[in-house]
Amino acid sequence: MKFTSLALLFLSVCLTSAITSGDALFRGCGVYVAKYSFECPSKYSKVKGGRTGGCNCMSPEFMATMVDCMIRSKGGNIKRGFTSLIDDCKLSSRSNLTVDELYAIHDNASDYWVNSKDVKNKTETHYYPIKFTQAQVDQAQRAFGAGFYAKYTGQLYGGLMCAYFGVIMLAAAISNFLKKVAPKFVHNSTNNKFALFFRRKLINPAFFGFKHSTPVNWGPFSMSLPTRAQGWVVTGYVVMFIIFMFIKYDVYDGNTRYPSKANQLSRIVSDRTAVLSVTQMPLLYILAGRNNLLLWITGLSYDTMNLYHRWVARVTFTSVFIHSIAFSALYVNQGTYKTQLAKTSNVWGIVGTVCGGLLMFFSLRQFREKIYDFFLLTHWAFVIFFTVGSWYHVGSNTYYEWIYATVAFWAFDRAFRLARIVLTGVKAKGHVELQSDVFLKIKIDYNNRIWKPYPGAYAFLYFLRPTWRIWENHPFSAYPSPVPGEENKIVFCARVRQGKTLQMSNYIAKSGPQTIPVFVEGPYGHAQPVDRSETVVLIAGGIGFTGAYSYACRMLEKPNVTFIWAVQFISHFEVFREEIEHLASHGINVIVYISDETSDKPIVLEKNYGSDSEVSEKTDSSMTLDTRYGMADIKSIIDTSVAEAPGSIGFFVCGPPGVNDSVRKHVTNAMGQGKGRVDLYVEAFNW
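For the sequence shown, the residue numbers in mature numbering (1 follows the signal peptide of the UniProt record, and there is no 0) are -18 to -1, 1 to 669.
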C-alpha cells in the first residue's frame, strides 16, 4: 500500500541521514585542518577533487592531523568520519585508502606532533602533523553537528508527520473494513451513550458553529471549515509542525562556524524547514490524487482527502517560506546575499518558493469557484515549477528519494486516469440537451461490462470539441437512465454556472441538442451504507438531486424510503420528471418542495415501471405528486421522521451548502432520540 511504501522510504532516509551525520566530524575537522598548509608531493600539487584535495590526501602530515582530530572527538561518529575521508580521497588522488592505513599514518606521526598553540604562521608549509586542543576538536564536530542534526531532525520530524497521517488512514481503514464485514457489530457498538457523545460532540458537527459546507468569510477571503472529525486530524498535524519548529536546536556561544547566535539560528532553522518541506511532498501529492488507493481502503471521501491536501499544502509552504526567509537573513548578515543569489540552485529555490506562494494564492476559494478554468491551468503550471524547482534546489541525493516518491505518486495517478478513460471507451458519445435554460443533461452510451453506475459514483468528463478546451474536465454525478430502452445509457446532469457549463449552454441554446464525443474518466466515489437503516430519508437540494437519486435507485424495493427534493421552480422539476416518476412507480415516497412559485394545479406523474410488459399489467398508470410550496423546514422534517421511525433511521443529504449544514446540525442533535440509531450521510462535493 502507498503508506507502507512511504513508511519504508521514511525509515531508509532517516537511517541514511543518521549515518551521514558522521560527516559532521569529517567536515568540522576538515575546516580546522584546511587553515594550515602542509608539504605536498609536487606531482599532486595540481590534482583537484573532493573537499580534501589530491595534494592533502597524499600528505602524511595532513592525513595524520585529520585522523587525530577525528579519533579524539567525543561526540562524533569516527567510523563514518573515516569513511567520508576515504571516499573523498577517492575523488582525487588516492583510490585505495583503507581504515587500517589511516591508523598507521597516525601512529607513524607519534614522534612529530606540534601543538596548534605553538604554530605561529598557519599559511607557511608545515612538515609535521598538528595536534589541536581538546576544546578545538570538540568545537570542530559540534559546529557542523548542529547543522547535520537540524537536517536529521527535519527528516525525522517530517517522517513522523507523514506517519501521523498513516495512523489516521490505518484507523479509517480498520473502521471501513469492520463496517463491511461486521455491520451489525459496528451498528450496536457505536450507539451506546459513550459512542453517542463522540458522534454528537466530537465527530459529526462542524468544527466551529454549524457551518461546514457553507464558506466562512474573513474579510476578502473565505474558506470552508472542517467537520470536527476532520478538524481534530488537521489540528494534530498542525500542532506537530509547530512543536517540531521549536525544539532541539543547538545554539551556543563559541560556534566556530557561525559565531553569531542569530546566524546559527538562521542556518539550522532553514536546514530543518528545508528538509521538513521536502518530506511532506509525497503526502501532499498522494492526498491530491483522484486514484488514491487510500480512498478505496479507508472509505473516506475525496472531499475529506482534498481538505487534508490543502492543509498539508499550507504547512509545506509555511515551511518553505520560513526556509527562504531564514537563509536570506543569514546571507544578508554575512554580506553574501548577491553572491548566493547568482547560484543556480538558489535561483531554482526562489522559483519554487514563488510558485508555491502563487499556488497558495490562486487556490483560494474565490478562484476555484469563480474562475475554475484559470485555477486549474495555474495549478498545473505552478505545481510543475514547484516540483522542478525543488529538485534542482535540493541538489542532494539524500533528499531525492522524497521527490522520486512524489513524482511516482503523480505518475501513478495520471496513468490510472488514462486507464479509466480507455476502459470506459475512448469512442464514447454524449447526447447533450439544455433543459429549463439552467440544466445540461448528458446521456452517454457506456461500456457496462466494465462498470455500472452505483450510489455515490461520479466521473470526470472531457468534451472533445477543440473550441471547448478539451484538456479541461469536470466531475459529474453518474446514474442510470430511468427511461425504458436506455439501459446502456449513463446520465450526467450539471447546473449552468460559469466556465465550461456556460460555454456549453450557449452552444446548445444556439444549435439545439448535440451529440458530442467525450472521454469518461471514472468511476470514482464509493457508496455509503445508507440502506442499512430500517428507515431512510434522502434529502436533495437543486442539482444535488443527482447524488440522492443514485442512492434511491438501489432502494426501490426497500420499504420506508422517503425522497425529499427542494427546488426553486416547477420548470426545474420537469428536468427530472422521468427520474421522479421512476422512483414513485416503485414505492418511494417522493416529496417535492418548490420554493419560488406556487400553483393550484397538482403535478400528475405517469407511472414508469421500467418496461412495457410491467406497465401493461398495471391498471392505474398515473398518480399525484406530493408537492409542497415554500421552503422546506429541515428541522421539522428531521424531528418528525425520527419520532415516527419504527427503528433505526438514516438521513442522506446532497444539496447546496446551506441545506447540507442544516441537515448536519439537526440530524446530529437528533442522535440518541427516537426508537433506534440515527445516522447521517453527506455528499457535499466541497472541492
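Beta carbons: idealized from backbone N, C-alpha and C, even for Gly.
Please read all numbers here as calculations on a predicted model, not as lab measurements.
{"Asked": "Straight-line Cα distance separating A270 from M222", "Found": "21 angstroms"}
{"Asked": "Buried/exposed call for D661, threshold 16 Cβ in 10 Å", "Found": "buried"}
{"Asked": "Residue burial classification, V557 (beta-carbon count within 10 angstroms, cutoff 16)", "Found": "buried"}
{"Asked": "Unbroken alpha helix (DSSP H) run spanning A91, endpoints", "Found": "No alpha helix (DSSP H) holds A91; DSSP gives it neither H nor E."}
{"Asked": "Other residues of its chain near I490: CB distance less than 8 angstroms, five sequence neighbours each side excluded", "Found": "V414, E415, L416, L422, Q496"}
{"Asked": "Contact the stretch 296 to 308 vs the stretch 158 to 176: 3+ CB pairs below 8 angstroms", "Found": "no"}
{"Asked": "Per-residue DSSP class, three states only, for F(-9)", "Found": "Reliability fails at F(-9), whose pLDDT of 45 lies under 50, so the model's placement of it is uncertain and the value that follows must be treated cautiously. Reduced to three states, the DSSP call for F(-9) is helix."}
{"Asked": "Rounded separation between residue 671 and F551 - CA only", "Found": "Outside the modelled stretch of the chain, which goes from -18 to 669, sits residue 671, for which no answer is possible."}
{"Asked": "In chain order, each alpha helix (DSSP H) run of at least 4 residues that lies wholly inside the stretch 419 to 495", "Found": "482 to 493"}
{"Asked": "Helix, strand or coil at residue 674 according to DSSP, with G and I counted as helix", "Found": "Outside the shown range of the chain (-18 to 669) lies residue 674, about which nothing can therefore be said."}
{"Asked": "Option in M45, F442, P541 with minimal Cα separation from R402", "Found": "F442"}
{"Asked": "Neighbourhood of P462 by C-beta distance below 6 angstroms, restricted to the same chain and skipping five residues each side", "Found": "P435"}
{"Asked": "For G57 and F367, the rounded distance between their alpha carbons", "Found": "41 angstroms"}
{"Asked": "Residues near N158 by beta carbon distance below 6 angstroms, same chain, minus five either side", "Found": "T280, G281"}
{"Asked": "Top-ranked residue by Cα proximity to L138, from L258, N186, I60, Q116", "Found": "L258"}
{"Asked": "Exposure of S206, with buried meaning 16 or more beta-carbon neighbours within 10 Å", "Found": "buried"}
{"Asked": "Beta bridge counterpart(s) of I576 as assigned by DSSP", "Found": "V549, Y611"}
{"Asked": "Integer Cβ distance of D355 from E516, believed to fall under 8 angstroms", "Found": "45 angstroms between Cβ atoms; not a contact."}
{"Asked": "For S242 and Y131, the rounded distance between their alpha carbons", "Found": "18 angstroms"}
{"Asked": "As assigned by DSSP and simplified to three states, the class of V49", "Found": "helix"}
{"Asked": "7 angstroms CB neighbourhood of G371 in its chain, flanking five on each side removed", "Found": "W330, G331, V333, G334, C337"}
{"Asked": "R254 versus C636 - alpha carbon distance", "Found": "44 angstroms"}
{"Asked": "Own chain residues within Cβ distance below 6 angstroms of V519, not counting five before or after", "Found": "T544, S623, F633"}
{"Asked": "D513 in three-state terms, based on DSSP", "Found": "helix"}
{"Asked": "Alpha-carbon spacing of Y386 relative to Y374, whole angstroms", "Found": "13 angstroms"}
{"Asked": "Among H508, G10, I620, E579, the one whose alpha carbon lies nearest that of L277", "Found": "H508"}
{"Asked": "Buried/exposed call for G4, threshold 16 Cβ in 10 Å", "Found": "Annotation note: pLDDT 48 at G4 (below 50); position unreliable, coordinate value reported separately. Buried, by the Cβ-count rule."}
{"Asked": "Beta-ladder partner(s) of M605, from DSSP", "Found": "L587"}
{"Asked": "Alpha carbon of T609 to alpha carbon of M537, nearest angstrom", "Found": "22 angstroms"}
{"Asked": "Nearest-angstrom Cα separation, counted from P437 out to D578", "Found": "30 angstroms"}
{"Asked": "Supposed close pair S19, E106 - CB separation, criterion 8 angstroms", "Found": "6 angstroms"}
{"Asked": "Contact belief for P464 with E561 at Cβ below 8 angstroms, rounded distance in angstroms", "Found": "5 angstroms"}
{"Asked": "The stretch 643 to 654 / the stretch 191 to 208 touching (three or more Cβ pairs under 8 angstroms)", "Found": "yes"}
{"Asked": "Inter-residue CB distance, M143 and Q262 (contact presumed, cutoff 8 angstroms)", "Found": "7 angstroms"}
{"Asked": "Nearest neighbour of E539, chosen from G569, A530, A625 [CA to CA]", "Found": "G569"}
{"Asked": "Touching by the beta-carbon criterion (3+ pairs, under 8 angstroms), the stretch 93 to 113 and the stretch 200 to 219", "Found": "no"}
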